[in-house]
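Down below is the structure, laid out as structure tokens.
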Amino acid sequence: MLRRLVGVASLAAGGVALSNVTNAFDALRAPVEWSVAGGKARWRWPAGSPLINRDAAAAFDALRGTHTVFLGNSVTRHVVIALHWLLGARIPHDSARPGRHALPEAESSIWAAHGAASAELDARGRVASDECKHGQRGLSAPRAVVNCCVARRRAGNASTVLTYAFTATPSEPVARATLKAWAGAQNCAPELAPDFVVIGLTDVKSTSEAQNLAALAARAAKAHPRLRRTYFFLVTALHKKKATRDALQKHEAAAVAAGGGRVVVVPVSMSTLRGVAAGALQHDKGNSYHYADAGRVFEGQMLLNAFALAKKAVCRDDGAWRMRETSAHNCDWVFEAPAERCSAQGRDGRPAADP
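Be aware that the sequence shown starts at 21, since it is given in the numbering used here, and climbs by one per residue.
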């Protein structure tokens with residue numbers, strides 16, 4: 021059964037006062053430092069940062085029991101592929117050779133280019149369920165995401181569900197259309213309530229798109245109470261060829277300002293700019309957006325950290341985190357109806373003894 025995150029926060033425009041949920045994500049904004057040594061590019065989190073690079077087991081812990089929906093262009097698809105390979109320990113989790121195709125294409129029959137897919141993966145990145153069709157090319161994102169098959173997908177206690185839908189570039193118009201469809205009543209929209217929604221931004225020139233998407237996410241949550249427990253992560257545009265520092269800085273600042281509550285901004289624009297400047301990141305030949313090296317892994321690790329911070333924020337601010345599973349740790353198992361099946365937890369996140 022999907023373990024639904026329970027918290028007291030609402031979406032930014034939802035009107036419910038937040039305690040310190042928003043502050044929990046401040047660590048994502050700290051700049052990283054890049055280096056190249058021994059032919060491998062690495063990034064270093066700031067001193068004292070809670071952010072870490074997760075290996076396969078830790079990556080699965082961050083995703084276990086959750087359903088994550090990804091909306092974006094091929095750059096977002098590449099991050100889904102990176103996460104898939106991280107789960108299977110088939111790529112390094114903290115480095116890559118600059119400019120090399122260090123990340124092979126994962127299960128291309130599933131994550132089809134310019135397509136849509138939904139897959140349930142086990143702890144080793146193997147496909148555990150093929151409930152929804154894979155490799156659908158040319159399927160519009162609203163139809164690919166807002167449909168009964170995806171809405172009814174549930175991760176088990178030993179799996180995670182990843183759903184991806186291609187938006188084209190720029191991604192924002194299709195992402196807006198998807199959220200508008202989500203706020204409606206057709207195609208099981210009221211039942212669609214994943215734990216996490218990741219939207220990859222691409223329009224560096226716009227300073228309002230993140231705010232527009234945050235407002236639409238709030239609109240969908242207002243229409244469907246189940247969705248009010250979902251976290252929306254807006255990933256800022258990665259550095260692309262010929263992008264200026266000023267444009268990226270303004271884009272990232274505007275996006276950060278739009279975040280709040282359960283709309284969380286994952287800023288990667290300036291970090292990838294520094295990676296390119298340091299020679300640690302290189303774009304694919306003939307493509308202004310793509311990375312085949314540490315750029316994909318870095319964004320995947322940023323998202324895993326954001327997911328983990330979301331779970332911790334829920335634990336800290338929800339006074340009713342309860343569970344019966346003795347294997348639970350750090351509030352990783354939080355249920356929508358805790359009173360029916362759970363024993364009280366201590367405030368530090370450690371499982372309490374059964375009564």
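By construction, the Cβ of each residue, glycine as well, lies at the ideal position given by its N, Cα and C atoms. All of these numbers come straight from a predicted model, not from anything done at the bench.
Item to check | Proximity of V89 and V165 at Cβ, strictly below 8 Å | outcome: yes
Next on the checklist: If you reduce the DSSP assignment to three classes, tell me which class A132 lands in.
Outcome noted: coil
Checklist entry - Just how far apart, CA to CA, sit A57 and V296? => result 15 Å
Next on the checklist: Quick check on the burial criterion: 16 or more other C-beta atoms within 10 angstroms. Buried or exposed for C152?
Outcome noted: buried
Next on the checklist: Tell me which residue opens and which closes the alpha helix (DSSP H) that I219 is part of.
Outcome noted: Looking at the DSSP string, I219 is not in any alpha helix (DSSP H); the run it does join, the beta strand (DSSP E), is F216 to G220.
Checklist entry - Smallest Cα separation from A267: which of T222, A133, W54 and I101? => result T222
Next on the checklist: Contact defined as beta carbons within less than 8 Å: I believe V194 pairs with A201. What is the distance between those atoms, to the nearest angstrom?
Outcome noted: Rounded, the Cβ-Cβ distance is 10 Å, inconsistent with contact.
Item to check | H87, DSSP secondary structure in three states | outcome: strand
Checklist entry - Quick one: what's got a C-beta closer than 8 Å to P210's C-beta in the same chain, skipping five residues either side? => result A243, H244 and R246
Checklist entry - Rounded to a whole number of angstroms, what is the C-alpha to C-alpha distance between Q206 and L323? => result 30 Å
Item to check | Reference V100, options A77, G85 and A133, closest by Cα | outcome: A133
Checklist entry - For E151, which three-state DSSP category applies? => result coil
Item to check | Short Cβ contact (8 Å threshold) for L254 with V286 | outcome: yes
Checklist entry - Rounded to whole angstroms, how far is the Cβ of R249 from the Cβ of A213, which I believe are closer than 8 Å? => result 7 Å
Item to check | Three-state secondary structure (DSSP) of W65 | outcome: coil
Checklist entry - Looking at C-alpha atoms only, which residue of D114, Y311, G85 and K262 is the closest neighbour of N73? => result D114
Next on the checklist: Rounded to the nearest angstrom, what separates A274 and A257 at their Cα positions?
Outcome noted: 12 Å
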